[in-house]
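Enquirer:
Number of protein chains: 2
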Amino acid sequence: MSTRTADEAKQRHREILETAARLICARGYEATSIQDIADACGLTKAGLYHHIESKEHLLLEIMNYGMDVFEEQVLSQVESIADPVERLRACMEKNILLVTRGWSKEVTIILHEHATLQGRARNQIDARKKKYVRFLEKTITEATKAGKARAVNPTVAAFAFLGMVLWIYKWYRKDGAIADTAIARGMVDLFLHGLVPVEAR
Amino acid sequence: MSTRTADEAKQRHREILETAARLICARGYEATSIQDIADACGLTKAGLYHHIESKEHLLLEIMNYGMDVFEEQVLSQVESIADPVERLRACMEKNILLVTRGWSKEVTIILHEHATLQGRARNQIDARKKKYVRFLEKTITEATKAGKARAVNPTVAAFAFLGMVLWIYKWYRKDGAIADTAIARGMVDLFLHGLVPVEAR
DNA sequence: CCAGCCCTACCGACCGGTAGGTCGTTGCAT
DNA sequence: ATGCAACGACCTACCGGTCGGTAGGGCTGG
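These protein sequences, in sequence, are chains X and A.
Residues 295 to 495 in the numbering used here are what the first sequence lists, from first letter to last.
Residues 295 to 495 in the numbering used here are what the second sequence lists, from first letter to last.
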């Protein structure tokens with residue numbers, strides 16, 4: 295059956311993406327050579343090039359796959375939540391766990407290699423990222439209109455949200471003192487309620 | 295006078311650090327070659343190596359200089375402020391402006407190349423960073439004890455602070471819609487008071 | 001006052017190694 | 001027998017780094 299072999303080819307392709315992502319996530323894009331990736335795949339360089347178009351296009355594929363995972367595990371899980379504040383809370387929690395649990399090295403690569411791609415490829419990934427920012431801005435605006443959020447600049451608030459969440463990849467260690475669930479709870483609490491108690495304002 | 299020529303040598307050294315920092319900030323450490331840096335300095339590669347020890351040590355010097363600038367322009371300016379909340383406010387504001395105004399490309403390099411250095415050099419820079427985290431944690435704890443901050447996990451709150459502030463290097467553009475002073479004001483407000491208004495809790 | 005020296009800053013040429021990428025060929029499963 | 005997956009060999013360009021050498025300004029002794 296041709297579909298059978300086609301599926302197997304796709305499977306192999308995904309394996310290669312994942313292996314490459316593992317290396318690039320650990321060492322960085324520029325510091326990871328095609329030879330390294332080929333070795334890790336059990337292929338020669340020429341053999342690897344049978345599956346990929348170029349190193350840059352490989353990175354683009356990895357990032358697009360990472361955005362797929364993010365949209366499936368975070369965005370699509372929360373966008374139907376009616377209450378905007380509850381939507382933000384769930385979104386932050388799911389996004390934090392996506393970063394801390396290393397299911398998707400591709401997501402970390404998206405975060406770190408934010409300026410590595412150039413030209414059309416860069417624009418394409420940036421557009422997918424921007425959709426997330428717009429989603430946050432709109433949710434914050436909606437919350438404000440409903441009297442459930444203060445009248446903050448929605449762009450600043452969206453990037454405050456993103457900073458708290460996405461910076462985590464730089465410092466979080468699985469074997470650290472704080473559990474990722476505690477981080478998620480703490481960050482949500484701080485984002486929604488702030489540091490200063492009501493009675494001290 | 296021998297001090298005169300020694301000063302001139304130091305000056306030249308700093309020029310080279312700054313030129314190298316400009317390139318590395320724009321293209322990334324791995325993507326910037328020694329040849330690129332030598333060209334930008336108006337030197338040959340061999341000539342450049344008269345001034346630097348190795349590419350890795352050059353990066354270490356750049357990062358240490360960046361930490362010097364940070365400590366001078368942020369930490370030392372705020373650590374004498376008596377009120378802990380006021381200290382956090384001033385610290386966040388100064389740190390944000392340090393990131394947005396590109397005075398110090400070295401600071402951006404410290405933020406982006408967080409895993410590039412290895413071994414002793416890595417440990418040295420990490421130790422200087424950790425001092426900042428400890429300072430924030432202590433200030434937050436102090437505020438909590440004074441009843442001026444809620445009883446949050448100080449580590450989580452410190453990294454929330456840092457995420458909001460340091461993530462900015464990834465998205466801020468000088469010619470963007472939001473002024474950096476507005477970002478600083480908005481971020482401080484969000485960190486201290488949260489998104490949700492008191493009456494909606 | 002100046003000849004000689006020395007040191008700093010710098011250069012051209014070169015090192016072994018590796019980068020990303022290509023080519024023609026081959027083994028194997030259908 | 002056909003077509004895909006994979007191979008070894010190879011390409012050019014460049015990597016970080018080193019070598020012996022030199023131009024020239026400042027300091028010294030006579």
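Heads up, the beta-carbon is just placed ideally off N, CA and C, and yes, glycines get one too.
None of these values were measured; they are calculated from a predicted model.
#1: Of the choices Arg414(X), Val401(X) and Lys464(X), whose alpha-carbon is the least far from that of His351(X)?
#2: Glu350(X) lies in the alpha helix (DSSP H); which residues open and close that run?
#3: Cα separation between Arg306(X) and His345(X)?
#4: How long is the line joining the alpha carbons of Gly322(X) and Ile318(A), rounded to whole angstroms?
#5: Between which two residues does the alpha helix (DSSP H) containing Leu460(A) stretch?
#6: Can you name the residues of chain A whose CB is closer than 7 angstroms to the CB of His351(X)?
#7: If you draw a straight line from the alpha carbon of Phe453(X) to that of Gln329(X), how long is it in whole angstroms?
#8: DSSP state of Asp483(A), grouped into three classes?
#9: Can you find a C-beta in chain A that's less than 8 angstroms from the C-beta of Ile472(X)?
#10: Does the distance from the CB of Thr402(X) to the CB of Tyr463(X) come in under 8 angstroms?
#11: Mind listing the chain A neighbours of Asp333(X)? Cutoff is C-beta to C-beta under 7 angstroms, in chain order.
#12: What span of residues does the alpha helix (DSSP H) with Val368(A) cover, start to end?
#13: Out of Glu373(A), Leu311(A) and Ala334(A), which one is the CA nearest neighbour of Glu347(A)?
#14: In the structure shown, what three-state DSSP assignment does Thr435(X) receive?
#15: If you run the structure through DSSP and keep just helix, strand and coil, what is Tyr323(A)?
#16: For Gly413(A), decide whether its Cβ has a neighbour in chain X, counting only Cβ atoms nearer than 8 angstroms.
#17: Measure the C-alpha to C-alpha separation of Leu354(A) and Ala451(A) and round it to an integer number of angstroms.
Expert: Well, looking at it:
#1: Here residue 351(X) corresponds to residue number 57 of the first sequence, with the count starting at 1. Minimum Cα distance to His351(X) is reached at Arg414(X).
#2: Your numbering for residue 350(X) matches position 56 in the first sequence. Taken as a continuous stretch (DSSP letters only), the alpha helix (DSSP H) holding Glu350(X) covers Lys349 to Phe364.
#3: Here residue 306(X) refers to the residue found at position 12 of the first sequence. Here residue 345(X) refers to the residue found at position 51 of the first sequence. Whole-angstrom Cα-Cα distance: 9 angstroms.
#4: Taking the first sequence and counting its residues from 1, one reaches residue 322(X) at position 28. Taking the second sequence and counting its residues from 1, one reaches residue 318(A) at position 24. If I take the Cα positions, the gap works out to 15 angstroms.
#5: Translated into the one-based positions of the second sequence, residue 460(A) becomes position 166. It spans Pro448 to Leu460 - the alpha helix (DSSP H) in which Leu460(A) sits, taken as one unbroken run.
#6: For the purposes of this step, residue 351(X) is taken as residue 57 along the first sequence, with counting starting at 1. Here the premise fails: no neighbours, minimum Cβ distance about 17 angstroms.
#7: Within the first sequence, residue 453(X) is the residue found at index 159, counting from 1. Within the first sequence, residue 329(X) is the residue found at index 35, counting from 1. If I take the Cα positions, the gap works out to 38 angstroms.
#8: If you number the second sequence from 1, residue 483(A) lands on position 189. Correct three-state label for Asp483(A): helix.
#9: Within the first sequence, numbered from 1, the residue matching residue 472(X) stands at position 178. So, interface residue.
#10: For the purposes of this step, residue 402(X) is taken as residue 108 along the first sequence, with counting starting at 1. For the purposes of this step, residue 463(X) is taken as residue 169 along the first sequence, with counting starting at 1. Taking 8 angstroms as the Cβ cut-off, Thr402(X) and Tyr463(X) qualify as a contacting pair.
#11: Indexing the first sequence from 1 puts residue 333(X) at position 39. Here the premise fails: no neighbours, minimum Cβ distance about 19 angstroms.
#12: The residue labelled residue 368(A) in the question sits at position 74 within the second sequence. Segment: none, Val368(A) is in no alpha helix (DSSP H) and carries neither H nor E.
#13: Here residue 347(A) is taken as the residue at index 53 of the second sequence, counted from 1. Of the candidates Glu373(A), Leu311(A) and Ala334(A), the one whose C-alpha sits nearest the C-alpha of Glu347(A) is Leu311(A).
#14: On the first sequence, residue 435(X) is found 141 positions in, with the first residue counted as 1. Thr435(X): helix per DSSP, three-state reduction.
#15: Here residue 323(A) refers to the residue found at position 29 when the second sequence is read from its first residue. In this structure, Tyr323(A) counts as coil in the three-state DSSP scheme.
#16: One-based indexing of the second sequence puts residue 413(A) at position 119. Gly413(A) does not count as touching chain X.
#17: Taking the second sequence and counting its residues from 1, one reaches residue 354(A) at position 60. Taking the second sequence and counting its residues from 1, one reaches residue 451(A) at position 157. About 29 angstroms.
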